[in-house]
Ligand code: SAM
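Numbering (my numbering), first residue to last: 7 to 236.
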């Protein structure tokens, strides 16, 4: 889906081409993710297609293929590649899945979901980030449906969703999101305090919810009515 030649924003700056060096660094990152336990080759292939360096300022390009979260402005971060891979793998995306992403941020995670063939609805609470990502992603060829607002309430008008991914740390699992999960659906959400959260996978089968707990992560807080207050 991504083609550097078709991206006017990238052409403004030779540094942001997807060149041999960037592709080499990306291959190395994928090997690292595999070594860390990510085994879904479809997820790894999707992550190998999306150029993470285009989400970084020129001065910070050297950090793009490190397995680290990084500031994207507005006090927010682009998630660590391992975290993106982990959440995406747990979602078991199938082509055509209708996916709700809470916390658009840079748009990187949305690109991975689109590469996997999902129909993506992504919502962001920070207006500047919403505007920035809504204008940037389509220039790369990625076209999720963008929403501005409090994603802790979901997007009731577009529910139900086959998959829901929350990319900010929640104090609790919002009931509103459980209600918007389709029968047979999967939600992946980090829940805990402001410093660290356990990754939960919640599956809805015959109307019954099953919860699995995985490892700990450290996300920026989910704000809003069913998140942290400020
Ligand atoms: N998925 C993003 C990416 O690929 O770059 C990373 C997301 S960043 C770790 C968390 C994002 O969640 C921030 O952009 C933040 O503004 C947003 N956020 C926090 N609370 C939110 C809410 N209630 N609704 C929607 N977005 C929210």
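C-beta: ideal position from N, C-alpha, C; glycine also.
Which residue marks the beginning of the beta strand (DSSP E) containing residue 188, and which one marks its end?
To locate residue 188, count along the chain shown from 1; it is residue 182. It spans 187-198 - the beta strand (DSSP E) in which residue 188 sits, taken as one unbroken run.
Looking at ligand 1, does it come within less than 7 Å of residue 174, judged from the CB to the closest heavy atom?
By 1-based counting over the chain shown, the position of residue 174 is 168. Yes, the Cβ of residue 174 comes within 7 Å of a heavy atom of ligand 1.
Let's see if you can read the secondary structure: which residues bound the alpha helix (DSSP H) around residue 137?
As a first step, residue 137 is located in the chain shown; it is residue number 131 there, counting from the start. That run of the alpha helix (DSSP H) goes 133-146.
Do you know how far the Cα of residue 122 is from the Cα of residue 217?
Numbered from 1 along the chain shown, position 211 holds the residue referred to as residue 217. Numbered from 1 along the chain shown, position 116 holds the residue referred to as residue 122. The straight-line gap from Cα to Cα measures roughly 24 Å.
So what's residue 113 in DSSP terms, helix, strand or just coil?
For the purposes of this step, residue 113 is taken as the residue at position 107 of the chain shown. Coil at residue 113, not helix or strand.
Could you check what DSSP says for residue 76 in three-state terms: helix, strand or coil?
Working through the chain shown from its first residue, we reach residue 76 at position 70. Looking at residue 76 - three-state DSSP - the assignment turns out to be strand.
Going by DSSP, what residue range makes up the alpha helix (DSSP H) through residue 34?
As a first step, residue 34 is located in the chain shown; it is residue number 28 there, counting from the start. For residue 34, the uninterrupted alpha helix (DSSP H) run begins and ends at 26-41, by DSSP.
Close-in-space but distant-in-sequence residues of the same chain around residue 200 (CB under 8 Å, 5 per side omitted):
Within the chain shown, the letter at position 194 stands for residue 200. Correct list, in chain order: 175, 227 and 234.
Residue 136 to residue 24 span [Cα, whole Å]:
Within the chain shown, numbered from 1, the residue matching residue 136 stands at position 130. Within the chain shown, numbered from 1, the residue matching residue 24 stands at position 18. So the two alpha carbons sit approximately 25 Å from each other.
Would you say the region 188-197 touches the region 124-138, given that touching needs at least three Cβ pairs under 8 Å?
no
Cβ neighbour criterion (16 or more within 10 Å) applied to residue 16:
Taking the chain shown and counting its residues from 1, the one referred to as residue 16 is at position 10. With a pLDDT of 41 at residue 16, under the threshold of 50, the modelled position of that residue is not reliable, and no figure is offered here.
Backbone secondary structure at residue 153 - three-state DSSP
For the purposes of this step, residue 153 is taken as the residue at position 147 of the chain shown. Here residue 153 sits in strand by DSSP.
C-alpha gap between residue 192 and residue 160, whole angstroms
Taking the chain shown and counting its residues from 1, one reaches residue 192 at position 186. Taking the chain shown and counting its residues from 1, one reaches residue 160 at position 154. Taking the straight line joining both Cα atoms gives about 14 Å.
Enumerate in chain order the residues of its own chain whose CB-to-CB distance from residue 117 is below 6 Å, with the five nearest sequence positions on each side excluded.
For this step, residue 117 is matched to residue 111 along the chain shown. Around residue 117: 56 and 148.
Less than 8 Å between the CB atoms is what I'm expecting for residue 101 and residue 127, so what's the real figure, rounded?
Taking the chain shown and counting its residues from 1, one reaches residue 101 at position 95. Taking the chain shown and counting its residues from 1, one reaches residue 127 at position 121. Rounded, the Cβ-Cβ distance is 16 Å, inconsistent with contact.
Among 212, 114, 214 and 168, which one has its Cα closest to the Cα of residue 194?
One-based indexing of the chain shown puts residue 194 at position 188. Taking only the C-alpha atoms, the option nearest residue 194 is 168.
Grab the span of the alpha helix (DSSP H) containing residue 71 for me, first residue to last.
Here residue 71 refers to the residue found at position 65 of the chain shown. Where residue 71 is concerned, there is no enclosing alpha helix (DSSP H), given that its DSSP letter is neither H nor E.
Could you give the C-beta distance for residue 230 and residue 157, rounded to a whole number, given that I count them as a contact under 8 Å?
Along the chain shown, one-based indexing puts residue 230 at 224. Along the chain shown, one-based indexing puts residue 157 at 151. At roughly 7 Å, the Cβ-Cβ gap stays under 8 Å, so residue 230 and residue 157 are in contact.
I'd like to confirm something about residue 134: is its beta-carbon nearer than 7 Å to some heavy atom of ligand 1, or not?
Translated into the one-based positions of the chain shown, residue 134 becomes position 128. Answer for residue 134: no, Cβ out of range of ligand 1.
When 90, 61 and 103 are compared against residue 73, the one with the closest alpha-carbon:
Stepping through the chain shown from its first residue, residue 73 is reached at position 67. When only C-alpha atoms are compared, the closest one is 90.
For residue 44 versus residue 95, is the C-beta distance shorter than 8 Å?
Numbered from 1 along the chain shown, position 38 holds the residue referred to as residue 44. Numbered from 1 along the chain shown, position 89 holds the residue referred to as residue 95. Yes, Cβ-Cβ distance for residue 44 and residue 95 is below 8 Å.
Please report how far the alpha carbon of residue 212 lies from the alpha carbon of residue 83, in whole angstroms.
Here the question's residue 212 lines up with position 206 in the chain shown. Here the question's residue 83 lines up with position 77 in the chain shown. If I take the Cα positions, the gap works out to 37 Å.
Indicate, with yes or no, if ligand 1 has a heavy atom lying under 7 Å from the CB of residue 108.
Here the question's residue 108 lines up with position 102 in the chain shown. Answer for residue 108: yes, Cβ within range of ligand 1.
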